[in-house]
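Quick notes on the structure that follows.
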Amino acid sequence: MKIILKNGDALEVSEGADCAAAARAISEGLARAAVAAKVNGELVDLSTPLKEGDSLEIITLKDKDGLHVYRHTCAHVLAQAIKSIYPTCKLAIGPVIDNGFYYDIDFKTPITMDDFAKIEAEMKKIIKSNLPIERFTLPRNEAIALMSGFGENYKVELINDLPEGEEISFYKQGAFIDLCRGPHLPSTGKIKAFKLMSIAGAYWRGDEKKKMLTRIYGTAFAKKEEMDAYFVMLEEAKKRDHIKLGRELKLFALLNEGRGFPFFLPNGMILKNLLIDYWRQIHRRDGYVEVQTPMIMTRTLWETSGHWDHYKDNMYTTKIDGEECAIKPMNCPGGVLVYKLSPHSYKDLPIRMGELGLVHRHEKSGQLHGLMRVRCFTQDDAHIFMTPEQITSEIKGVVKLIDEVYKLFGFKYHVELSTRPDDSMGSDEDWENATNALRAALEGLGLEYEVNEGDGAFYGPKIDF
Numbered sequence: 001m002k003i004i005l006k007n008g009d010a011l012e013v014s015e016g017a018d019c020a021a022a023a024r025a026i027s028e029g030l031a032r033a034a035v036a037a038k039v040n041g042e043l044v045d046l047s048t049p050l051k052e053g054d055s056l057e058i059i060t061l062k063d064k065d066g067l068h069v070y071r072h073t074c075a076h077v078l079a080q081a082i083k084s085i086y087p088t089c090k091l092a093i094g095p096v097i098d099n100g101f102y103y104d105i106d107f108k109t110p111i112t113m114d115d116f117a118k119i120e121a122e123m124k125k126i127i128k129s130n131l132p133i134e135r136f137t138l139p140r141n142e143a144i145a146l147m148s149g150f151g152e153n154y155k156v157e158l159i160n161d162l163p164e165g166e167e168i169s170f171y172k173q174g175a176f177i178d179l180c181r182g183p184h185l186p187s188t189g190k191i192k193a194f195k196l197m198s199i200a201g202a203y204w205r206g207d208e209k210k211k212m213l214t215r216i217y218g219t220a221f222a223k224k225e226e227m228d229a230y231f232v233m234l235e236e237a238k239k240r241d242h243i244k245l246g247r248e249l250k251l252f253a254l255l256n257e258g259r260g261f262p263f264f265l266p267n268g269m270i271l272k273n274l275l276i277d278y279w280r281q282i283h284r285r286d287g288y289v290e291v292q293t294p295m296i297m298t299r300t301l302w303e304t305s306g307h308w309d310h311y312k313d314n315m316y317t318t319k320i321d322g323e324e325c326a327i328k329p330m331n332c333p334g335g336v337l338v339y340k341l342s343p344h345s346y347k348d349l350p351i352r353m354g355e356l357g358l359v360h361r362h363e364k365s366g367q368l369h370g371l372m373r374v375r376c377f378t379q380d381d382a383h384i385f386m387t388p389e390q391i392t393s394e395i396k397g398v399v400k401l402i403d404e405v406y407k408l409f410g411f412k413y414h415v416e417l418s419t420r421p422d423d424s425m426g427s428d429e430d431w432e433n434a435t436n437a438l439r440a441a442l443e444g445l446g447l448e449y450e451v452n453e454g455d456g457a458f459y460g461p462k463i464d465f
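At position 41 of the sequence shown the residue is numbered 41 (my numbering), and the sequence of numbers has no breaks.
Below, the structure is given as structure tokens:
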């Protein structure tokens with residue numbers, strides 16, 4: 001049968017051949033380097049069988065997806081080692097994150113970083129054993145029975161939450177079995193360099209009312225030299241950590257009396273006001289008017305805007321004179337109310353309205369981090385009222401302004417066009433027109449971008465920087 005390679009060439013393979021066999025048919029070197037594959041755009045194990053006409057891309061550790069699979073398998077090796085040393089512990093989840101992975105575990109006896117040496121030693125044994133990693137699926141009742149038999153109550157909860165009809169897959173390496181979508185490396189011996197990094201508490205499913213689990217962070221790289229370079233970079237980054245600098249330079253304070261609500265100190269206000277002065281200067285230059293909208297507005301406004309139905313869990317609410325109100329999580333509805341205060345002719349458009357609006361959004365306490373993840377922050381917002389014909393040119397202007405500011409501060413960025421999510425409001429026609437206008441602006445500026453399907457806001461598509 002024939003399959004289609006990434007470069008468009010057809011490759012003849014035997015009926016029922018898997019991705020690993022196809023990699024060998026291309027070259028022995030590629031087969032040795034392969035860690036996973038993409039079949040018809042979906043990331044899969046190398047053991048996945050192929051069908052006539054499938055498109056195939058072999059994934060190696062040079063690919064971002066390859067490193068993701070590599071680290072995911074390392075998380076499973078960590079879990080296997082933990083279960084071997086601490087058989088009474090319960091496993092929760094073990095995803096890949098930027099530059100590494102973690103696993104959340106419910107220990108009967110608490111562990112510390114002092115225990116990492118013996119855990120890493122057990123991981124090295126598992127890697128040296130080069131255990132084959134095999135995927136299998138089970139019907140829901142058998143999957144629950146399997147995990148219940150192991151006493152893995154967190155896994156049973158995850159299975160129960162899966163939609164009816166969804167495939168339930170597991171991965172087996174030696175005697176260890178874990179619930180997982182995958183994909184994974186073909187065997188544990190493919191892992192060459194890893195390190196356990198830190199330990200933290202994490203509520204099960206991020207819910208402060210649920211049990212606190214132990215989160216073990218780790219990382220893995222294709223080569224030891226790459227991992228060593230990463231740790232050198234981390235040491236340098238610690239010297240420039242914004243929380244450390246904020247404390248030493250007396251810029252801001254993070255206090256338990258206001259978790260997630262930063263206190264800006266006199267030195268910090270000097271910097272903040274310099275930024276605001278610069279913001280006003282470039283916005284006046286580009287034809288913006290400045291407004292300020294209230295921090296608290298009525299529930300009826302948030303229902304009209306759609307925030308009440310789509311965003312209520314992230315909003316802080318209160319009652320004023322018996323009327324339900326919300327502290328604004330976004331500035332958009334207030335900007336629209338300002339626009340509606342007077343009639344406008346098409347000759348008035350575009351109206352470029354800028355606001356430095358203080359917004360409040362509820363973040364779970366375990367997710368708070370310095371000034372990066374907070375519960376209140378000042379948002380540099382622009383609301384531009386325009387005709388449909390002006391959309392592309394106005395978006396170009398906004399993109400140029402963003403580029404100017406980011407370059408001034410030395411930021412590097414990449415661009416994503418985020419499209420309509422499942423939980424959205426508005427007509428198909430409006431979504432299509434808005435998305436096409438954003439795409440036209442990016443292409444008109446010659447900017448490279450990736451499409452991030454389904455990651456737009458509930459009220460419209462986005463260009464994410």
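Virtual Cβ for every residue (Gly too), placed ideally from N, Cα, C.
Item	Value
K211, buried or exposed, once every other Cβ within 10 Å from all chains shown has been counted against 16	exposed
For E443, the nearest candidate out of F458, E416 and W431 (CA to CA)	E416
Separation of L146 from R140, as counted between CA atoms	10 Å
Nearest residue (CA-CA) to E404, options E363, F465 and P294	F465
Which of helix, strand or coil DSSP assigns to A222	coil
Alpha-carbon spacing of H72 relative to L11, whole angstroms	30 Å
N- and C-terminal bounds of the alpha helix (DSSP H) containing C376	It is not in any alpha helix (DSSP H) - C376 instead sits in the beta strand (DSSP E) that spans C376 to F385.
Beta-ladder partner(s) of F170, from DSSP	F136 and L179
Inter-residue Cα distance where the pair is L245 and A237	11 Å
Alpha-carbon spacing of R135 relative to C74, whole angstroms	16 Å
Helix, strand or coil at E152 according to DSSP, with G and I counted as helix	coil
Rounded straight-line distance, which links the Cα of G16 to that of Q379	55 Å
Inter-stretch contact (C-beta, 8 Å, three-pair minimum) for the region 152-160 and the region 82-97	yes
Opposing strand residues paired with E416 [DSSP bridges]	E450 and D464
Cα-Cα separation, P329 to H242	25 Å
Option in F385, I97 and E226 with minimal Cα separation from Y217	I97
Three-state secondary structure (DSSP) of Y86	coil
Whole-angstrom distance between T419 and N452, CA atom to CA atom	6 Å
Nearest-angstrom Cα separation, counted from P421 out to R352	27 Å
Among F261, V232, L265 and Q292, nearest to E248 - alpha-carbon criterion	L265
One or two residues paired with H369 in a DSSP bridge	R373
Contact under 8 Å by Cβ, D9 with L43	no
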